[in-house]
Amino acid sequence: MGSIGSLCEVSNVDEGINVIKSRFTSKKVLVLLDDVDDCTHLSALVGDGSWFEAGSIVIITTRNKSILDEGGAGYMYQLKELSFDQSLILFSRHAFRKDSPSSDYKIISHHIASTTGGLPLSLEVIGSFLCGKREEVWKDTLKKLKKVPDKKVQEKLKIS
Numbered sequence: 001m002g003s004i005g006s007l008c009e010v011s012n013v014d015e016g017i018n019v020i021k022s023r024f025t026s027k028k029v030l031v032l033l034d035d036v037d038d039c040t041h042l043s044a045l046v047g048d049g050s051w052f053e054a055g056s057i058v059i060i061t062t063r064n065k066s067i068l069d070e071g072g073a074g075y076m077y078q079l080k081e082l083s084f085d086q087s088l089i090l091f092s093r094h095a096f097r098k099d100s101p102s103s104d105y106k107i108i109s110h111h112i113a114s115t116t117g118g119l120p121l122s123l124e125v126i127g128s129f130l131c132g133k134r135e136e137v138w139k140d141t142l143k144k145l146k147k148v149p150d151k152k153v154q155e156k157l158k159i160s
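Per full-length UniProt numbering, the sequence shown starts with residue 1, numbered consecutively.
Right, dumping it as structure tokens:
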């Protein structure tokens, strides 16, 4: 497996595009773009796809299907959010280090699991944050989660 060589610093988008084109043109690559929220970022990072050798794979994750539509994605796979039961188990594994909440925290755990919208990252981060914390911290966190609009994972994670 080859390497991309030395690192270089770029000062603007156009310079970055030129670096990507010069290093990866006619090379078979696997590109993973996580949480893309702007179609212009997508086109800047992968161009029209002709930069890379045939057989290259570009994987894009986004919560906005229109970005994939505009970017000309060839194949889309839509992940489903976790069910409530799956959410509660994942949350409990991080908050209690077991598959179900402690009896003292059962009700508030149910509220938190349902408030996070079945988003695994939210459940993991919030569960880890609350692990070993006092009940007051749990209540305050739940109150903050309920105020957050259900738009982006990052917004859901701003609990402090």
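Glycine included, every Cβ here is placed at the ideal spot set by N, Cα and C.
From the DSSP output, read off the bridge partner residues of residue 57.
The beta-bridge partner set that DSSP reports for residue 57 consists of 30.
Alpha carbon to alpha carbon, how far is residue 153 from residue 50?
Any reading at residue 153 must be qualified, since the residue scores a pLDDT of 47, below 50, and its modelled position is unreliable; no value is offered.
Could you check the C-alpha separation between residue 143 and residue 111 for me, to the nearest Å?
10 Å
Residue 41 to residue 54, Cα distance in whole Å?
22 Å
What are the start and end residues of the alpha helix (DSSP H) that includes residue 39?
39 to 46
Residue range of the alpha helix (DSSP H) that residue 140 falls in?
135 to 147
I need the DSSP call for residue 105, collapsed to helix, strand or coil.
helix
Just to confirm, are residue 32 and residue 61 a CB contact at a threshold of 9 Å?
yes
Return yes when the Cβ of residue 132 is within less than 9 Å of the Cβ of residue 90, no when it is not.
no
Where residue 70 and residue 121 are concerned, what is the direct C-alpha to C-alpha distance, given to the nearest angstrom?
26 Å
Determine the DSSP secondary structure at residue 98, reduced to helix, strand or coil.
coil
Tell me which residues share the same chain as residue 25 and place their Cβ nearer than 7 Å to its Cβ, disregarding the 5 neighbours each side in the sequence.
51
Which of the three DSSP states is assigned to residue 85 in this structure?
helix
Hey, how far is the Cα of residue 103 from the Cα of residue 93?
15 Å
Ends of the alpha helix (DSSP H) at residue 125?
120 to 130
With 16 as the cutoff for other CB atoms within 10 Å, does residue 130 come out buried or exposed?
buried
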